[in-house]
Every structure is written in structure tokens, then in C-alpha cells.
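Chemist: After the C-alpha cells below, expect a handful of questions from me.
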């Protein structure tokens, strides 16, 4: 009698328009997993909805419907929104990787395909949960990539924390103090997340903060074209990136019609960067940073409390951060 086919614990779906890639993925994965194959995005979406795979490997560069569009479709439907997706691409662009992660991709593998790398990345994603990976999310308010966006903010914060141009936690504490004392009633946690996204350009070697904000603005605009256009943190991040205009000072402040969020972020950055200047003791650098803040256009309109109480709060925060 022929041996019975032993069921495998997980089903994977590979979507790629390159037949050779599908062959390599099939040979690599079928020893451990059930594998479904699709040669275009439309067929891949149909299989994802009908077979509920536990994980999807998705090529970015495909005709008609590229990987970003397929991912957005997956994340916009409750039945497929929770399926982890690993992007597969021949590109090595940092912007592609960030866009994929912000839209909701779980990981990223570059071509040419390395079977050991694929097996390791797949095992890692499957190991994140003890229950089936495709448990449907609640039908209410599906949001493309919102969960992964929040996870990416956390990962980005860790990367920025080691950036020599910035001390991220100190900057975010400064921003929180300005928010608490400002006329706006916006959520400080949302501002902190948006600030991380606004500074994503600092991951690129050699980027100044002004240049990083301008680069991030372009990338966030592209993300909003693929993700939920009403995503409030992405929209807030896009507004915050406009602080670059105030930092560079290349136009008359009176001609800049910037949102309050951008002005508050520019104040926080100005204060923070002044603190990081070499030389002098912390109280002296703090005094110089406050003097620069007073000179910023619209300072009085952004800050509701008195300058003295604001100065005391910022100095206390800075002393705590620098261990003084």
C-alpha cells in the first residue's frame, strides 16, 4: 500500500512572475511545508483568500499588479490581513524595504534566492506564534499595515537611538514637554511615533537632519499612496517633516504656512541639537538652547506656559537624560 501523505503543519504561498524563482522556492520549502504557487498577483490573492496560507512569500517586481499593491490588498481584507508576508525582490533599495515594512511586510529577502536564508526567515516568522498565523482580525476598521507600522516605529527608534546626530529619547522627551505646555491637545504618543517616522531618513549615511526630513517627506507621501490615506500617524509624520523648512531658514518665516506640529517639532529639534553641541557644561548649553528657542518664529504662539517654567522642565529632563 502506498504510504499516506503526512500532513504538514503549515501552508505557504509563493507569488512570483519568474518561473525559475517559483521552482527554487518550491524545491526549498516542500520538504517541510505545503506550498502553493502563483505566477501573478491576481492569482496569488485568489489563493490567499481561498486557502488561507500561514505565510506568503511575495515578489515586488511583477507586471500589472506589483508586490506593494498585492500587500495592500491583503492588508485591507480581514480574512487575509493577519497573514505574515515576506517580500522577495531583486532590488536592494532601502526605500523599498522601508515601504514594504510600513505597508505591513514581516520581512524582506533579496534575490538571488538563497535556500538557507529562505528557510531561516520562514522558520523565524512561523516561530513568532504558537497558534495558526492566519487568525482573522476583527472586521471593524481594517487598516493597511497599521500593526506593522507601529512595529516599524519601534524598530526605527532602536536604530535612531544609536545615531551620532541625535539622542532620540532626549528629543522625544523634549517634544513631549513642548506638547504638554502647548496650545495643541494632540496625543503625545502619536507625536512620538510620527517623530520617529519623520526622522527615518537619518538611517542613510551622511544625511543631515534637514535632508533626512525632506527625504522622509517624499517617502511618506509614497507610503500614503499605498496605505490607508487617512492613517493619522502617517499624516502627522508627513506634516512634521515640514520642520525642515524652519531648520534651514532659507525662506522668510512669514511666508511659511506650516502646521503647528511642524513648528513644535522644529522647536524640539533646535533645543535638542543645541544641547548636543560640544563644550561647556549642561546648564550653559541649556541656556544657549533656550535662547535659540526664543528666537524661533512663532515661539509664543506654540507655547502656552511661561518661558521660565518651560525652561525648568526642559533642564530637569536634560539632567535626567545625561545622568546629572
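In our numbering, the protein residues as written are 5 to 328.
Think of the CB as a built atom: it goes at the ideal place given N, C-alpha and C, for glycine as much as any other residue.
Which residues bound the alpha helix (DSSP H) around residue 175?
Modeler: Indexing the chain shown from 1 puts residue 175 at position 171. Taken as a continuous stretch (DSSP letters only), the alpha helix (DSSP H) holding residue 175 covers 172-185.
Chemist: For residue 248, name the three-state secondary structure that DSSP assigns.
Modeler: The sequence position of residue 248 within the chain shown is 244, counting from 1. It is helical.
Chemist: To which residues of the same chain is residue 90 closer than 8 Å at the C-beta, ignoring the five residues directly before and after it?
Modeler: Start at 1 with the first residue of the chain shown, and residue 90 comes out as number 86. 59, 60, 61, 62, 109, 110, 111, 112, 113, 125, 126 and 129, listed in sequence order.
Chemist: For residue 70, which option in 175, 104 and 53 has the closest C-alpha, if you only look at C-alpha atoms?
Modeler: Translated into positions along the chain shown, residue 70 becomes position 66. The candidate whose alpha carbon is nearest that of residue 70 is 104.
Chemist: For residue 46, name the three-state secondary structure that DSSP assigns.
Modeler: Taking the first residue of the chain shown as position 1, residue 46 is located at position 42. Helix.
Chemist: Does residue 138 come out as helix, strand or coil in the three-state DSSP assignment?
Modeler: Within the chain shown, the letter at position 134 stands for residue 138. With a pLDDT of only 35 at residue 138, under 50, the local geometry of the prediction cannot be trusted, and the value read off the model is given with reservation. Coil, per DSSP.
Chemist: Would DSSP call residue 112 helix, strand or coil?
Modeler: Walking along the chain shown from the start, residue 112 turns up at place 108. Three-state result, residue 112: strand.
Chemist: Taking the DSSP output, what are the residues bridged to residue 191?
Modeler: Within the chain shown, residue 191 is the residue found at index 187, counting from 1. Paired residue(s): none; residue 191 is not in a bridge.
Chemist: Check residue 87 in the structure and name its three-state DSSP category.
Modeler: Walking along the chain shown from the start, residue 87 turns up at place 83. Coil at residue 87, not helix or strand.
Chemist: Three Cβ pairs or more, each shorter than 8 Å: is that satisfied between the stretch 217-230 and the stretch 164-179?
Modeler: No: fewer than three Cβ pairs fall under 8 Å.
Chemist: Which word fits residue 248, buried or exposed, when buried means at least 16 other C-beta atoms lie within 10 angstroms of its C-beta?
Modeler: Counted from its first residue, the chain shown places residue 248 at position 244. Buried is the call here.
Chemist: Should residue 54 go down as buried or exposed, given a rule of 16 or more other Cβ atoms within 10 Å for buried?
Modeler: The residue given as residue 54 occupies position 50 in the chain shown. Exposed.
Chemist: Alpha carbon to alpha carbon, how far is residue 123 from residue 204?
Modeler: As a working note, residue 123 is residue 119 in the chain shown. As a working note, residue 204 is residue 200 in the chain shown. Their backbone Cα atoms lie some 29 Å apart in a straight line.
Chemist: In three-state DSSP terms, what is residue 218?
Modeler: As a working mapping, residue 218 is identified with position 214 in the chain shown. Reduced to three states, the DSSP call for residue 218 is helix.
Chemist: Taking the alpha-carbon of residue 73 as reference, which of 120, 19 and 252 has the nearest alpha-carbon?
Modeler: In the chain shown, counting from the first residue as 1, residue 73 sits at position 69. The residue with the shortest Cα to Cα distance from residue 73 is 19.
Chemist: Look at residue 325 and residue 196 and say whether their C-beta atoms are less than 8 Å apart.
Modeler: Residue 325 sits at position 321 when you count from the first residue of the chain shown. Residue 196 sits at position 192 when you count from the first residue of the chain shown. Contact flag unset, no.
Chemist: To which residues does DSSP link residue 19 through a beta bridge?
Modeler: One-based indexing of the chain shown puts residue 19 at position 15. DSSP lists 42 and 62 as partners of residue 19.
Chemist: Could you tell me the distance, in whole angstroms, from the CA atom of residue 115 to the CA atom of residue 93?
Modeler: Taking the chain shown and counting its residues from 1, one reaches residue 115 at position 111. Taking the chain shown and counting its residues from 1, one reaches residue 93 at position 89. Looking at the two C-alpha atoms, the distance is approximately 6 Å.
Chemist: Would you check if the distance between the CB atom of residue 290 and the CB atom of residue 271 is smaller than 8 Å?
Modeler: Counting from one through the chain shown, the residue named residue 290 turns up at place 286. Counting from one through the chain shown, the residue named residue 271 turns up at place 267. Not in contact: residue 290 and residue 271 (Cβ atoms no closer than 8 Å).
Chemist: Near residue 41, what residues of its chain come up, given a Cβ to Cβ distance below 7 Å and the 5 sequence neighbours on each side ignored?
Modeler: Reading the chain shown from its first residue, position 37 is the one you call residue 41. Answer for residue 41: 18, 26 and 30, listed in chain order.
Chemist: Rounded to whole angstroms, what's the CA-CA distance from residue 212 to residue 206? Just pull it up for me.
Modeler: For the purposes of this step, residue 212 is taken as the residue at position 208 of the chain shown. For the purposes of this step, residue 206 is taken as the residue at position 202 of the chain shown. Each residue's Cα considered, the two are about 7 Å apart.
Chemist: When DSSP builds the beta bridges, which residues end up paired with residue 157?
Modeler: Here residue 157 is taken as the residue at index 153 of the chain shown, counted from 1. In the DSSP output, where bridge partners are listed per residue, residue 157 has none listed.
Chemist: Excluding the 5 residues preceding and the 5 following residue 180 in the sequence, name in chain order all residues of the same chain whose CB lies nearer than 8 Å to its CB.
Modeler: Here residue 180 refers to the residue found at position 176 when the chain shown is read from its first residue. For residue 180, where only same-chain residues beyond five positions count, the Cβ hits under 8 Å are 192, 195 and 196.
Chemist: Going along the chain, which residues of its own chain have a beta-carbon closer than 8 Å to the beta-carbon of residue 185, five neighbours each way excluded?
Modeler: Mapped onto the chain shown, residue 185 falls at position 181. Excluding sequence neighbours, residue 185 sits near 307, 308, 309, 313, 314 and 317.
Chemist: When the Cα of residue 238 is compared with those of 119, 266, 281 and 201, which residue comes out closest?
Modeler: As a working note, residue 238 is residue 234 in the chain shown. Considering only alpha carbons, the answer is 201.
Chemist: Tell me the DSSP secondary structure of residue 144 in three-state form.
Modeler: Taking the first residue of the chain shown as 1, we reach residue 144 at position 140. In this predicted model, residue 144 has a pLDDT of only 37, less than 50, meaning its place in the structure is not dependable; the value taken from the coordinates is given anyway. It is coil, neither helix nor strand.
Chemist: Can you name the start and end residues of the alpha helix (DSSP H) that residue 79 belongs to?
Modeler: Residue 79 sits at position 75 when you count from the first residue of the chain shown. Looking at the DSSP string, the run of the alpha helix (DSSP H) that includes residue 79 is 71-79.
Chemist: Grab me the residues of residue 15's own chain with a C-beta within less than 6 Å of its C-beta, minus the 5 sequence neighbours each way, in chain order.
Modeler: For this step, residue 15 is matched to residue 11 along the chain shown. Only 38, 57 and 58 meet the Cβ criterion.
Chemist: Spatial neighbours of residue 67 within its chain, please: CB distance less than 8 Å, with the 5 preceding and 5 following residues excluded, ordered by chain position.
Modeler: Position 63 of the chain shown, counted from the first residue, corresponds to residue 67. Counting only Cβ-Cβ distances below 8 Å, and skipping sequence neighbours, we find 21 and 44.
Chemist: Please report the straight-line C-alpha distance between residue 225 and residue 274, rounded to a whole angstrom.
Modeler: Numbered from its first residue, the chain shown carries residue 225 at position 221. Numbered from its first residue, the chain shown carries residue 274 at position 270. Straight-line Cα distance between these residues: approximately 25 Å.
Chemist: Using alpha carbons as the reference points, say which of 120, 305 and 118 lies closest to residue 266.
Modeler: Here the question's residue 266 lines up with position 262 in the chain shown. Selected option, being the one with the closest Cα: 305.
Chemist: Verify the CB distance criterion: does residue 307 have a CB-CB separation below 8 Å to chain B?
Modeler: This model lacks chain B altogether; it includes just one protein chain.
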